[in-house]
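Novice:
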Amino acid sequence: MEISDVQCFPLRTDLSRSIGFSQSYYTSKNNCLVKVTCSDGTVGWGECYGPNLAITAAIENHFKPLIIGKNPLQNEYLWNHMWRAFLDFNRQGIFMAAISGLDIAFWDIKGKALQAPIRTLLGGSNDPIACYATGMYFRNDKSEAQMLEELLDEAASYVSSGYTFLKVKIGKNLDFDRELLSQFRCRFPSTKLAADSNHAYNFKEAMSIARLLETLDYIWFEEPLAPDNYADMARLRESTSVAIAAGECEQTRFGFERLARAGSLDIFQPDIAYCGGLTEFQKIAAIASSAHIDVVPHCWGLKLNLAVAASAISMLPENPGRLERRPIFLEMDQTEHSVRDSIFLDSHTVVDGALQFNDLTGLGVTVDESALNKFTLHIDSSINEECFKLET
Ligand SMILES: [Mg+2]
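Per the working numbering, the very first residue in the sequence shown carries number 2; after that it's consecutive.
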């Protein structure tokens, strides 16, 4: 078996209304799929997290010529081949997002070739994966008071559909953030809650929010500080009982090892479509395990990334584990996404806030290629457009 073609699909869909987090408002969703075709007709799909046109250019111009003719079952060999070939540029950023999607596609091919789901190849279980609902994004067409009421109602809809764990966005401004955190705990006294600032605070601000999260019994404080501020994250972690989580901006075993060594985090959140793919994720998970750090993959994309994150969770070790298991929750984006909801013929299903695996081989996800065309950007006509249409 050898790779005969590699094709990228940079996808975009406009949102019916903008949604925001601490850094910007989105008016569109952008994703990047990669299709790897083999000489025997086997096809594997991967997903890359990040600016889709730039990743497409990296794959088409640099990685595709490198892997045509290679055996996709040799994922470790291929990862190292791609890593070494562009080592000067692979260590952080777009190139590693490109490797991530290709690696996921190699795993999909391996599963199909060996007639097994990815989780079986990883040695994971078939048990349902408990999910947490990510949503409650800011709106720029409402007053803060109106917005907060709507965010609480949005959250109530997730709870009524079976979710027992919600993650809210903070980092707008400190007064609003405190009000939001308090009102969410008041409205949902027995629901698990986490808060994500998307690196919005300085150390003193983060400390004051951490104190509030402690009193309100939130489970984790996500990206409280700038991703490179390892030292202050470690200081914050030592000063609070709330778990400190981050890692969606981090890549490779080397990046996560630096975080582990600095004592910065209680929870690693690698995005498998960005950190280096499933091959590299296993090494990151080993670093986490040896440092007694939890792993909760970041997952904010399409159903391919969701499938690979769920498969990864199925094999993660407990830290340290006990008779009454503490579940590792899968991130389930609840925001509007017409690409995610219309381009897949098969995928794993979510029932009562838990993902149930199907029995398909590989990632267990089938892409409807006929549905891709209307969302696919063409690099020549789009090169002058922003990859992420942001309102700032
Ligand atoms: Mg986050």
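Where is the CB? At the ideal position from N, CA and C, for every residue including glycine.
Can you tell me whether DSSP reads Val-296 as helix, strand or coil?
Specialist: In the structure shown, Val-296 sits in a strand (DSSP, three-state: E or B).
Novice: Whose C-beta lies closer than 8 Å to the C-beta of Ser-19 among residues of the same chain, with five residues either side of it excluded?
Specialist: Cβ neighbours of Ser-19 beyond the five flanking positions: Tyr-26, Tyr-27, Thr-28, Arg-140, Asn-141, Asp-142, Glu-392.
Novice: Is the separation between the beta-carbon of Glu-281 and that of Asp-104 shorter than 9 Å?
Specialist: Result yes, Cβ atoms of Glu-281 and Asp-104 sit closer than 9 Å.
Novice: Helix, strand or coil: how does DSSP classify Ile-384 here?
Specialist: Confidence at Ile-384 is low in this model, with a pLDDT of 48, below 50, so its placement is unreliable and the value that follows should be read with caution. If DSSP states are grouped into helix, strand and coil, Ile-384 belongs with coil.
Novice: Evaluate Glu-386 with the Cβ neighbour count: other Cβ atoms within 10 Å of its Cβ, from every protein chain shown; 16 or more gives buried, anything less gives exposed.
Specialist: A caution first: Glu-386 carries a pLDDT of 48, below 50, which makes its placement in the model unreliable, though a value can still be read off. Burial call: exposed.
Novice: Just reading off the beta strand (DSSP E) that Gln-357 is part of, what are its end residues?
Specialist: Unbroken beta strand (DSSP E) run through Gln-357: 355-357.
Novice: From Pro-190 to Lys-168, what distance separates their C-alpha atoms?
Specialist: In a straight line, the C-alpha of Pro-190 is about 14 Å away from that of Lys-168.
Novice: If you count every other CB in all the chains shown that lies within 10 Å of the CB of Gln-147, and 16 or more means buried, which is it?
Specialist: With fewer than 16 other Cβ atoms within 10 Å, it is exposed.
Novice: Which of the three DSSP states is assigned to Asn-62 in this structure?
Specialist: In this structure, Asn-62 counts as helix in the three-state DSSP scheme.
Novice: So that I know if they touch, is there some Cβ in chain D lying closer than 9 Å to that of Ala-146?
Specialist: Within the model displayed, chain D is absent; a lone protein chain is all it includes.
Novice: Is it true that the region 269-287 meets the region 239-255, where meeting means three or more beta-carbon pairs spaced less than 8 Å apart?
Specialist: Taking 8 Å as the limit for Cβ pairs, the verdict is that the region 239-255 does touch the region 269-287.
Novice: Please name the residue in His-200, Leu-364, Arg-92, Met-137 whose C-alpha comes closest to that of Gly-125.
Specialist: Ranking His-200, Leu-364, Arg-92, Met-137 by Cα distance to Gly-125 puts Leu-364 first.
Novice: Once the 5 residues before and after Phe-257 are set aside, which same chain residues still bring their CB inside 8 Å of it?
Specialist: Excluding positions up to five away in sequence, the list reads Gly-248, Glu-251, Phe-269, Pro-271, Cys-276, Ile-285, Ile-288, Ala-289.
Novice: For Asp-197, is the beta carbon positioned less than 8 Å from some heavy atom of ligand 1?
Specialist: Asp-197 Cβ: within cutoff of ligand 1.
Novice: Residues bridged to Ala-244 by DSSP?
Specialist: The partner list for Ala-244 (beta bridge, DSSP) reads Trp-221.
Novice: Under a three-way DSSP split, which group does Val-35 fall into?
Specialist: Of the three classes helix, strand and coil, the one that applies to Val-35 here is strand, per DSSP.
Novice: Per DSSP, Thr-377 is paired with what?
Specialist: In DSSP, Thr-377 forms a bridge with Leu-12.
Novice: What did DSSP end up calling Asp-89 once you bin it into helix, strand or coil?
Specialist: If DSSP states are grouped into helix, strand and coil, Asp-89 belongs with the helices.
Novice: Could you pull out every residue in the same chain whose Cβ sits closer than 6 Å to the Cβ of Thr-350, ignoring the five residues on either side in sequence?
Specialist: Cβ within range, chain order: Gln-357.
Novice: Please report the straight-line C-alpha distance between Phe-389 and Lys-30, rounded to a whole angstrom.
Specialist: Any reading at Phe-389 needs caution, since the residue's pLDDT is 44, under 50, leaving its predicted position unreliable; the model's value is listed next. Roughly 8 Å separates the two Cα atoms.
Novice: Considering Cα atoms alone, identify which of Ala-310, Ile-210, Leu-226, Pro-66 is closest to Pro-129.
Specialist: Answer by Cα proximity: Ala-310.
Novice: What are the boundary residues of the beta strand (DSSP E) that Ala-134 is part of?
Specialist: Looking at the DSSP string, the run of the beta strand (DSSP E) that includes Ala-134 is 130-135.
Novice: How many angstroms separate the CA atom of Ile-384 from the CA atom of Ser-291?
Specialist: Caution is warranted here: a pLDDT of 48 is assigned to Ile-384, below 50, making its placement in the model unreliable, and the coordinate value is therefore given only provisionally. Going from the Cα of Ile-384 to the Cα of Ser-291 covers about 44 Å.
Novice: Using 9 Å as the threshold, is the C-beta distance between Leu-152 and Leu-181 below it?
Specialist: In contact: Leu-152 and Leu-181 (Cβ atoms closer than 9 Å).
Novice: Less than 8 Å separating the Cβ of Glu-251 from some heavy atom of ligand 1?
Specialist: Glu-251 Cβ: outside cutoff for every heavy atom of ligand 1.
Novice: Taking Trp-108 and Asn-76 to be in contact with their CB atoms under 8 Å, please state how far apart those CB atoms are, rounded to whole angstroms.
Specialist: Sure, about 6 Å apart at Cβ, within 8 Å.
Novice: Would you mind sorting Tyr-133 into buried or exposed? The rule is 16 or more other CB atoms within 10 Å of its CB.
Specialist: Buried: at least 16 other Cβ atoms inside 10 Å.
Novice: Counting only the same chain and skipping the five closest in sequence on each side, list residues whose C-beta sits under 7 Å from that of Pro-318.
Specialist: Cβ neighbours of Pro-318 beyond the five flanking positions: Ser-290.
Novice: Go through its chain and collect everything with a Cβ distance to Leu-74's Cβ below 6 Å, but skip five positions before and after it.
Specialist: Lys-111.
Novice: Which residues in the same chain have their Cβ closer than 8 Å to the Cβ of Arg-212, if we skip the five residues on either side of it in sequence?
Specialist: Same-chain partners within the cutoff: Thr-241.
Novice: Measure the alpha-carbon distance for Leu-12 versus His-379 and round it to whole angstroms.
Specialist: Taking the straight line from one Cα to the other gives about 9 Å.
Novice: Let me check one thing: in DSSP terms, what residues is Cys-49 bridge-paired to?
Specialist: Answer is Cys-33, bridged to Cys-49.
Novice: From the DSSP output, in three-state form, read off Lys-113 for me.
Specialist: If DSSP states are grouped into helix, strand and coil, Lys-113 belongs with the helices.
Novice: Contact check, Gly-102 vs Cys-33 under 8 Å by CB: the rounded distance?
Specialist: Confirmed, Cβ separation roughly 7 Å.
Novice: CB of Gln-116 to nearest heavy atom of ligand 1: below 8 Å?
Specialist: Outside the cutoff, so no.
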